[in-house]
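Here's the structure we're looking at; comments come further down.
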Amino acid sequence: MNTGLPKPLTSPASLRSWSWWKKSFLGVSGLICLSSSFLFFTPPGTAIREKLAESVIITQHRDWAWMFVGAEERDRMVAAMLQRTEEMGEEKLDLAMVQVHKRSIDEIVKIEDISGKFWVGKKMYIYDPKSIRVVTPAEQGQGERITSMVQRTGAVAGINGGGFIDPDGLGNGFAPMGFIFSGGELIFTDQDGSVPQHTVGFTKEGQLIVGKYSIDELIKLHISDGVFFYPRVIANGKPLITEGDGGQGRAPRTAIGQKADGTVIFIVIDGRQTHSIGATLREVQDLLLEEGCVNAGFLDGGASSEMVYNGELITKPSSRYGERRLPSAFLVFDDANTYKPYNVWEGLTKIDPGGAATHPEYQAELKNKGQQSATAKPSTTPTVKPSTQPEATAKPKDSAAPTHSQAPGSTKAPLADPPASKQPGTKPTGSPEAGGTTAPTPEATAKPPAATPPATPATPPAATPPPATAPPAQTAPPTHTAPSAKPGGLNSPGTAPGASDGAAK
49 MNTGLPKPLT
59 SPASLRSWSW
69 WKKSFLGVSG
79 LICLSSSFLF
89 FTPPGTAIRE
99 KLAESVIITQ
109 HRDWAWMFVG
119 AEERDRMVAA
129 MLQRTEEMGE
139 EKLDLAMVQV
149 HKRSIDEIVK
159 IEDISGKFWV
169 GKKMYIYDPK
179 SIRVVTPAEQ
189 GQGERITSMV
199 QRTGAVAGIN
209 GGGFIDPDGL
219 GNGFAPMGFI
229 FSGGELIFTD
239 QDGSVPQHTV
249 GFTKEGQLIV
259 GKYSIDELIK
269 LHISDGVFFY
279 PRVIANGKPL
289 ITEGDGGQGR
299 APRTAIGQKA
309 DGTVIFIVID
319 GRQTHSIGAT
329 LREVQDLLLE
339 EGCVNAGFLD
349 GGASSEMVYN
359 GELITKPSSR
369 YGERRLPSAF
379 LVFDDANTYK
389 PYNVWEGLTK
399 IDPGGAATHP
409 EYQAELKNKG
419 QQSATAKPST
429 TPTVKPSTQP
439 EATAKPKDSA
449 APTHSQAPGS
459 TKAPLADPPA
469 SKQPGTKPTG
479 SPEAGGTTAP
489 TPEATAKPPA
499 ATPPATPATP
509 PAATPPPATA
519 PPAQTAPPTH
529 TAPSAKPGGL
539 NSPGTAPGAS
549 DGAAK
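When the letters of the sequence shown are read in order and numbered with my numbering, they come out as residues 49 to 553.
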């Protein structure tokens, strides 16, 4: 009997007769449909997309976060992250909470393995905070790997330090961001002495300083060693992340905390690898709280995160080229007074941050593939500004001119580690990569790092770095022009230098 109803396009019998590729196509299509419905139309799916976006935002590929949440929501998330970072660094520390006790020479460091559900890493106890020094590269023109620094200086151990400008994610590690103090000397700064910057450092009395302080304030606090990075997560015994996981996804992390008895704890978490995805800011904060830390903050993360002991690398950096060349590191010595600070940037009128065109391992890789250099070689011709008139600097919360997103509907995203790295923005390495350096820098401004002599105040150099995108890892995007600086050496506190930019990567 003819019912007038259309016959079904397929029947169980006809489905059984399909070829394997038709069945596979049907299965994959159904899976995609179900997965998309879950990710875009359910609360758990939305939460997963947001976590994925957070993890991408703190890398050097921030723009691609639009694929998970859209360009508008991505930019809102970036702005909220940077605002939280600023607020977390505001409160001043009560340094009297930390009373450093003298330790014997046999009590230097202890290292333990640590792990969480999605990560593994190392924890180092340093019982005498006065044994810690910030060390800088030995040669002009390139950063230095931490294993090399430890072996060269005779240090016991070390971890990566502050953020730096990192074009293409393949920089030479020689263009730091913010400032560097070593052995009580101001080795480098790209900011005016009155501008608050995110600080991780130690006083001459061995007390850890984390949070926003100007160079003028740091000098009054007897700063000995320190670098620029963020975010701070514990202040005066109080956790600063009380809701959520910190809003920066999972990534390789480097953090530092101090207990009330002066004991310092270094934390390095592997990430972006099969054996360890990475940790959230909240997980590291809570780990340090459990240890009894009263103050704590993050250093450059992402591909820069690593720990070295007795000259050997004991963590697994996420960079495909292994250890990165870096502009600063916190090293632990039997006797820190044996290390003499060295201003490797003294006398330079240009600071070349490098990039894909000059990265040796990357170029060797291209050569093996028979390809040409990816980017033009940066200019090394100095551009000297003989004027002694101070350059105007941006206000503390001004950020560097961001690059336009290449993603659909993208807008200018605020820059940060710090986050680069400047994650916080350029890997800031950041970067709070929040890391990888890697790294969004809230304090980033429009011009580059300036080199200067440690001893005598001089006419401030105004460097103009390439534009950078933040990551909390701390690094800048590709550049073709090297920064320029005025002659005269170091930017002294109180003088107006050129501004720079800086995430966790």
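Where is the CB? At the ideal position from N, CA and C, for every residue including glycine. These figures come from a predicted structure and were not determined experimentally.
Asked                                                                                                     : Found
6 Å Cβ shell around Ala303 - same chain, five flanking residues per side excluded                         : Ile315, Val332, Phe346
Reference Gly241, options Lys268, Arg298, Asp309, Gln199, closest by Cα                                   : Lys268
Separation of Gly349 from Leu361, as counted between CA atoms                                             : 16 Å
Contact the region 181–190 vs the region 312–330: 3+ CB pairs below 8 Å                                   : no
Sub-9 Å separation of Met355 and Met172 beta-carbons                                                      : yes
Whole-Å CB distance - Gly210 paired with Val275, under 8 Å assumed                                        : 3 Å
Gly232 to Lys252 span [Cα, whole Å]                                                                       : 8 Å
Spatially closest choice to Leu256 from Ile282, Pro244, Asp264, by CA coordinates                         : Ile282
Assigned secondary structure, Arg280 (DSSP; H/G/I helix, E/B strand, else coil)                           : strand
For Ile271 and Gly249, believed in contact at Cβ under 8 Å, the rounded distance                          : 6 Å
Selection from Thr363, Tyr357, Asn358 that minimises the alpha carbon distance to Ala351                  : Thr363
CB contact flag (Gly402, Pro215, <9 Å)                                                                    : yes
Beta-carbon spacing of Gly295, Met136 below 9 Å                                                           : no
Nearest-angstrom beta carbon gap, Gln245 and Lys260 [assumed within contact, 8 Å]                         : 7 Å
Minimum C-alpha distance to Ile180 - residue among Thr237, Phe73, Thr386, Trp68                           : Thr386
Rounded separation between Lys99 and Arg132 - CA only                                                     : 17 Å
Per DSSP, the bridge partner or partners of Lys71                                                         : Paired residues: none, contrary to the question.
Of the listed residues Leu87, Ile105, Phe89, Glu160, nearest to Gly297 (C-alpha basis)                    : Ile105
Limits of the unbroken beta strand (DSSP E) element including Met172                                      : 168–174
Counted within 10 angstroms of its Cβ, other Cβ atoms place Phe167 as buried (16 or more) or exposed      : For clarity, residue 167 is Trp in the given sequence; the question names Phe instead. With 16 or more other Cβ atoms within 10 Å, it is buried.
Minimum C-alpha distance to Lys150 - residue among Phe277, Gly254, Pro279                                 : Gly254
Secondary structure of Ala482, DSSP reduced to three states                                               : Confidence is the limiting factor: at Ala482 the pLDDT is only 42, short of 50, which leaves the residue's position unreliable and the question unanswerable from this model.
For Asn208, the three-state DSSP class (helix, strand or coil)                                            : strand
Member of Ala405, Asn391, Asp161 whose CA lies at the smallest distance from the CA of Phe229             : Asn391
Exposure label - Val148; buried when at least 16 CB within 10 Å                                           : buried
Exposure label - Gly206; buried when at least 16 CB within 10 Å                                           : buried
Ile271, DSSP secondary structure in three states                                                          : strand
Identified DSSP bridge partners for Tyr357                                                                : Ala205, Glu360
Whether Ser353 touches Pro300 by CB criterion (9 Å)                                                       : yes
Cutoff 7 Å; reference Tyr410; Cβ partners in own chain excluding five residues on either side             : Leu218, Ala404
Reduced DSSP secondary structure (H/G/I, E/B, other) of Trp66                                             : coil
Local conformation of Tyr387 per DSSP, three classes                                                      : coil
Phe250 (DSSP reduced to helix, strand or coil)                                                            : strand
Ala568 - containing alpha helix (DSSP H), residue span                                                    : This structure gives no information on residue 568, because the portion of the chain shown stretches from 49 to 553.
Buried versus exposed call for Val117 [16 or more other C-beta atoms within 10 Å across all chains shown] : buried
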